[in-house]
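Here the protein sequences line up with chains A and B, keeping their order. Mapped onto the numbering used here, the consecutive letters of the first sequence carry residue numbers 106 to 314. Mapped onto the numbering used here, the consecutive letters of the second sequence carry residue numbers 106 to 314.
There are 2 protein chains.
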Amino acid sequence: MDGRKITDRGRATRQRIIEATGEQILAAGIGGTTLDTVRAATLTSKSQLFHYFPGGKAELVREVAGWEAQQLLEAQEPFIHDLATWQSWSDWRDALVHYYLRLGRWACPIGSLATQAAMTDPELEKLVDTSMSEWRRMLAAGVEKMQAARLIDGSADPERLAVVVLAAIQGGLVLSQPLKSSWPLEAALDSALDPLHRERLGHLDGNRE
Amino acid sequence: MDGRKITDRGRATRQRIIEATGEQILAAGIGGTTLDTVRAATLTSKSQLFHYFPGGKAELVREVAGWEAQQLLEAQEPFIHDLATWQSWSDWRDALVHYYLRLGRWACPIGSLATQAAMTDPELEKLVDTSMSEWRRMLAAGVEKMQAARLIDGSADPERLAVVVLAAIQGGLVLSQPLKSSWPLEAALDSALDPLHRERLGHLDGNRE
DNA sequence: CATCGAATGGACTCGGTAGTCCAATGGATT
DNA sequence: AATCCATTGGACTACCGAGTCCATTCGATG
């Protein structure tokens with residue numbers, strides 16, 4: 106299909122465009138990000154933008170979404186693929202908070218896009234939904250591992266818990282933004298994670314199995 | 106200051122513009138809402154928009170923010186001003202979910218604006234922050250009332266609990282949107298409210314007062 | 001019924017943004 | 001060295017949206 110060759114130099118330029126666009130979208134939203142500002146930030150030209158992203162701005166934004174989703178998941182590695190021990194959950198939680206801290210902005214690249222996606226591009230919406238579902242699936246899998254290992258009670262619904270934790274992250278960020286502090290995010294996340302600990306077998310009474 | 110007279114007819118037109126704009130912003134975002142679409146939806150003319158909102162689109166959006174915030178708070182009455190009994194909290198929770206249900210979209214007029222505000226208009230940002238803080242304050246006041254009435258443990262931090270509950274609402278809505286169901290919102294909200302119940306005095310052991 | 005100001009209609013300007021196009025450059029390959 | 005194509009530069013077009021302006025209608029009040 107795509108018989109066009111791409112050199113290392115080209116790949117680097119393309120990546121530079123994606124990352125710069127990602128930063129601008131996080132700071133100013135999709136609407137606040139223009140091809141001209143991207144061009145200026147990357148020292149490229151209009152023709153390059155359309156050379157690497159023939160679909161124009163919409164395609165560029167979708168590429169950004171994919172890239173950001175990948176970055177977000179990688180930042181949670183290796184814990185997000187484990188989550189089979191208490192330590193793993195704790196490490197995951199810290200890694201996630203650290204990721205948002207490093208972003209420099211109290212916003213989730215994916216959650217923020219999720220809000221804007223439905224309003225702009227159905228394809229983008231699907232992409233973001235997929236990322237979000239994948240994320241949910243991993244958290245739910247972690248809960249199931251904890252249950253399988255008899256570390257927590259087996260009666261809780263892993264899907265539900267995963268959604269609650271994700272909601273706490275997204276909502277925590279919404280609150281962290283105006284308060285310019287990580288504490289709302291951390292409070293919401295820890296609070297959502299609390300049920301997990303409360304179901305810890307053998308915590309208060311001695312029933313297990 | 107504003108010596109200009111306004112008739113009932115004018116007031117009605119102005120209000121019609123605000124409400125239509127609010128709906129469009131909720132559906133398409135600030136960027137996706139244009140004065141032309143508002144004009145079309147309200148059967149008005151360009152000059153009317155600037156007649157009633159001399160500050161242009163920015164002023165119109167701010168008026169919408171104020172109106173939406175008022176609507177959101179009113180939807181929680183009279184419970185949000187009470188929250189001194191278990192029943193009141195339960196009623197408040199149901200009223201809020203019902204409000205979002207009636208909106209027809211899984212999005213918070215204020216939370217959604219909060220996300221977009223920082224990117225567009227600093228004045229709007231302040232307005233939204235104020236509304237959000239007021240909302241937090243009321244929830245925290247409710248927690249304090251419960252503590253004062255010795256209905257729950259007094260050691261919990263009301264401010265923190267209020268933030269956690271608000272985050273659950275906002276994050277729950279983020280998740281409800283792609284899943285097109287109220288269950289993420291309800292799950293997140295109920296989960297955030299759970300600590301309140303767990304601190305219920307006299308729940309497991311018999312001490313009260 | 002005359003008048004005044006509010007309310008309305010709609011054409012017009014101005015600026016910004018996505019997208020097009022063609023020419024020029026540069027590096028790899030032979 | 002010659003050639004080819006990816007890469008790059010940047011002017012240009014088309015369109016859309018905010019905001020301006022002036023003319024007209026409507027309704028209240030004397």
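Ideal placement from N, C-alpha and C gives every residue a C-beta, glycine not left out. As the structure is a computational prediction, the values presented were derived from the model and not from experiment.
Name the chain A residues whose beta carbon is nearer than 7 Å to that of B:Val202? Against the second sequence, residue 202 of chain B aligns to sequence position 97. Within chain A, no residue comes near B:Val202; the closest Cβ sits about 14 Å away, beyond 7 Å.
How big is the Cα-Cα spacing for A:Leu298 and A:Thr149? Against the first sequence, residue 298 of chain A aligns to sequence position 193. Against the first sequence, residue 149 of chain A aligns to sequence position 44. Whole-angstrom Cα-Cα distance: 45 Å.
For A:Leu206, count neighbouring C-beta atoms within 10 Å of its own C-beta (all shown protein chains included) and say buried if the count is 16 or more, exposed if not. Your numbering for residue 206 of chain A matches position 101 in the first sequence. If you draw a 10 Å sphere on the C-beta of A:Leu206, you find fewer than 16 other C-beta atoms in it, and that means exposed.
Taking the alpha carbon of A:Gly277 as the point to measure from, which residue in B:Pro227, B:Gly216, B:Glu291 and B:Ala222 has its own alpha carbon closest? As a first step, residue 277 of chain A must be located in the first sequence, where it is residue number 172. The shortest C-alpha separation from A:Gly277 is found at B:Gly216.
Going along chain B in order, which residues have a C-beta closer than 8 Å to the C-beta of A:Asp258? Within the first sequence, residue 258 of chain A is the residue found at index 153, counting from 1. Correct list: empty, because the minimum Cβ distance to chain B is about 15 Å.
Run through DSSP, which three-state label would B:Ile122 get? To locate residue 122 of chain B, count along the second sequence from 1; it is residue 17. Helix.
Below 6 Å CB to CB, which residues in the same chain sit around B:Pro300 once its five sequence neighbours on both sides are set aside? Mapped onto the second sequence, residue 300 of chain B falls at position 195. Result list for B:Pro300: empty, nothing under 6 Å.
Residues near A:Glu164 by beta carbon distance below 6 Å, same chain, minus five either side: As a first step, residue 164 of chain A must be located in the first sequence, where it is residue number 59. If we look at A:Glu164 and ignore the five residues flanking it on each side, its Cβ neighbours are Phe158.
Assigned exposure category for B:Thr118 - 16 Cβ within 10 Å defines buried: The residue you call residue 118 of chain B lines up with position 13 of the second sequence. With 16 or more other Cβ atoms within 10 Å, it is buried.
Pairing CB atoms from the segment 194–209 of chain B with CB atoms from the segment 252–262 of chain B, are three or more of them under 8 Å? no
Assess contact between the segment 183–192 of chain B and the segment 131–145 of chain B, defined as three or more Cβ pairs (one per stretch) separated by less than 8 Å. Is contact present? no
I'd like to know if the segment 238–254 of chain B and the segment 239–247 of chain A are in contact, where contact means that at least 3 CB-CB pairs between them fall below 8 Å. no
Please determine, among B:Val166, B:Glu291 and B:Phe155, the residue with the shortest C-alpha to C-alpha distance to B:Glu124. In the second sequence, counting from the first residue as 1, residue 124 of chain B sits at position 19. Closest option to B:Glu124, Cα to Cα, is B:Val166.
Under the assumption that A:Ala180 contacts A:Tyr204 (Cβ atoms under 8 Å), give the Cβ distance between them as a whole number of angstroms. Taking the first sequence and counting its residues from 1, the one referred to as residue 180 of chain A is at position 75. Taking the first sequence and counting its residues from 1, the one referred to as residue 204 of chain A is at position 99. Right, the Cβ-Cβ distance comes to about 4 Å (below 8 Å), so this counts as a contact.
Answer with buried or exposed for A:Asp226, where buried requires no fewer than 16 other C-beta atoms within 10 angstroms of its C-beta. Within the first sequence, the letter at position 121 stands for residue 226 of chain A. It is buried - the Cβ of A:Asp226 has at least 16 other Cβ atoms within 10 Å.
Between which residues of its own chain and B:Val270 is the CB-CB distance below 8 Å, once the five residues before and five after are set aside? Sequence index remark: in the second sequence, residue 270 of chain B carries index 165 (1-based). Excluding positions up to five away in sequence, the list reads Leu244, Leu294, Ala297 and Leu298.
Under 7 Å between C-beta atoms, does A:Met251 make it to chain B? Mapped onto the first sequence, residue 251 of chain A falls at position 146. No - not a single Cβ of chain B is within 7 Å of the one on A:Met251.
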